[in-house]
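Residue numbers (the numbering used here): 493 to 581.
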């Protein structure tokens with residue numbers, strides 16, 4: 493089991509997105525954060541796609557995140573979060 497840590501910059505981004513959103517989108521954001529945390533707690537190196545410099549990217553609608561896995565410390569650090577729209581919606 494890995495510990496998920498949100499860097500301050502990611503928390504600030506998430507807070508800003510949530511505060512600017514209407515009720516329905518806030519519920520979707522909350523659900524996405526819960527899904528992200530569950531996915532990253534177990535085998536995070538198999539989640540999302542790899543990027544350069546040890547970074548990975550993961551999408552859980554309506555959020556995208558970048559994160560790093562620190563295997564020796566059993567920690568996942570979320571460094572960035574953003575809102576995206578699914579095409580056709």
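Cβ atoms here follow ideal geometry from the backbone N, Cα and C, with glycine treated the same way.
- Under the three-state reduction of DSSP output, residue 534 falls in the coil class, being neither helix nor strand.
- Around the C-beta of residue 552, 16 or more other C-beta atoms lie within 10 Å, and the residue is accordingly described as buried.
- 8 Å or more divides the Cβ of residue 560 from the Cβ of residue 494.
- Remark: three or more beta-carbon pairs, one from each stretch, lie closer than 8 Å, so the stretch 540-558 and the stretch 508-525 are flagged as touching.
- DSSP places residue 505 inside the alpha helix (DSSP H), whose first and last residues are 500-512.
- Straight-line spacing of the CA atoms in residue 535 and residue 547 works out to 15 Å.
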